[in-house]
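In this text, residue positions in the sequence shown follow the numbering used here: the first is 16, and each later residue adds one. C-beta atoms are modelled at their ideal positions from N, C-alpha and C, and glycine is treated no differently. Structure first, commentary second.
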Amino acid sequence: MDLANKAKDFLNSDQAEEKSDQILDQTAGFAKDKLGNDKADQVDKVRDAVDQKIGNEGTK
């Protein structure tokens, strides 16, 4: 297996999904702290949209 395939497999792994979720959760929390609770719903929508585009959550 070449390096490109190994990288692709890792990016679609459960480990990568967990890490991306962790980073997105931290980023969303930071954004909510800075923007305030009145923007929390918008932050959550953006977080969820990004999560669907990366990782493997949408492929299982």
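**Report entry** Contacts around ALA55, its chain only, beta-carbon distance under 8 Å, and the 5 residues preceding and following it disregarded
**Finding:** Here residue 55 refers to the residue found at position 40 when the sequence shown is read from its first residue. Taken in chain order, the residues that qualify are LYS47.
Report task. Below 6 Å CB to CB, which residues in the same chain sit around ILE69 once its five sequence neighbours on both sides are set aside? Result -> The count along the sequence shown starts at 1 and reaches residue 69 at position 54. For ILE69, where only same-chain residues beyond five positions count, the Cβ hits under 6 Å are SER35.
Query raised in the report: Considering only C-alpha positions, which residue in the set LEU39, LEU26, LYS49, ASP53 is nearest to ARG62?
Result: On the sequence shown, residue 62 is found 47 positions in, with the first residue counted as 1. Answer by Cα proximity: LEU39.
Report task. Following the continuous alpha helix (DSSP H) through SER35, name the residue where it begins and the one where it ends. Result -> Residue 35 sits at position 20 when you count from the first residue of the sequence shown. First-last of the alpha helix (DSSP H) with SER35: 29-50.
Requested in this report: Would you identify the three-state DSSP class for ASN71, choosing helix, strand or coil?
Outcome: If you number the sequence shown from 1, residue 71 lands on position 56. Looking at ASN71 - three-state DSSP - the assignment turns out to be coil, as it is neither helix nor strand.
**Report entry** Cut-off 7 Å between Cβ atoms - residues of its own chain near GLN30, not counting five sequence neighbours on either side
**Finding:** Taking the first residue of the sequence shown as 1, we reach residue 30 at position 15. Excluding positions up to five away in sequence, the list is empty.
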